[in-house]
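**Student:** Okay, here's the structure, questions in a sec.
Numbering (this note's numbering), first residue to last: 1 to 111.
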């Protein structure tokens, strides 16, 4: 029993040290700058003194008209952010599309 407890403690300590040595993650929007352009926080309207913003994403080397996806994050007007949904439309960016990622006001903010 004592050997099992010692082994468990060693495994836990090893896991803690291994996790502490991982590199801090970089937000996708920071890393994506090498491949995609982004116009961030373009105000498209104001409601109840709240600016409503969108981001426009497009590939660096596209000089012709391309399809454009207008993307509204999920959350049913209760939760979520445009920043939290970037990976959802990444496949469209990889195909050369442009993406307009729209933020909207939450239901609790609209009254």
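We put the CB at the ideal spot given by N, CA and C, even for glycine.
Since we're looking at a predicted model, the values are computed, not measured.
1) Going by C-alpha distance, which of 95, 56, 83 and 49 is nearest residue 42?
2) Give the straight-line distance between the Cα atoms of residue 74 and residue 80, rounded to the nearest whole angstrom.
3) In this structure, what does DSSP give as the bridge partners for residue 98?
4) Along the beta strand (DSSP E) that carries residue 43, what are the first and last residues, could you check?
5) Compute the Euclidean distance between the alpha carbons of residue 92 and residue 63, then round it to the nearest angstrom.
6) If you drop the 5 nearest sequence neighbours on each side, which residues of the same chain put their C-beta closer than 8 Å to that of residue 109?
7) Let's test the definition: count the other Cβ atoms within 10 Å of the Cβ of residue 87 and tell me whether it reaches 16, buried, or not, exposed.
8) According to DSSP, residue 50 sits in a beta bridge with which residue or residues?
**Tutor:** Looking at the coordinates:
1) In the chain shown, the residue the question calls residue 42 occupies position 42. For the residues 95, 56, 83 and 49, the minimum Cα distance to residue 42 belongs to 56.
2) As a position in the chain shown, residue 74 is number 74, starting the count at 1. As a position in the chain shown, residue 80 is number 80, starting the count at 1. Taking the straight line joining both Cα atoms gives about 7 Å.
3) For this step, residue 98 is matched to residue 98 along the chain shown. Answer by DSSP bridge pairing, in chain order: 68.
4) Along the chain shown, read from residue 1 onward, the residue named residue 43 stands at position 43. For residue 43, the enclosing beta strand (DSSP E) covers residues 36-47.
5) One-based indexing of the chain shown puts residue 92 at position 92. One-based indexing of the chain shown puts residue 63 at position 63. Distance between residue 92 and residue 63, taken at the CA atoms: about 17 Å.
6) As a working note, residue 109 is residue 109 in the chain shown. Within the same chain, residue 109 has close Cβ partners 48 and 50.
7) Counting from one through the chain shown, the residue named residue 87 turns up at place 87. That one is exposed.
8) Within the chain shown, numbered from 1, the residue matching residue 50 stands at position 50. Bridge partners of residue 50: 47.
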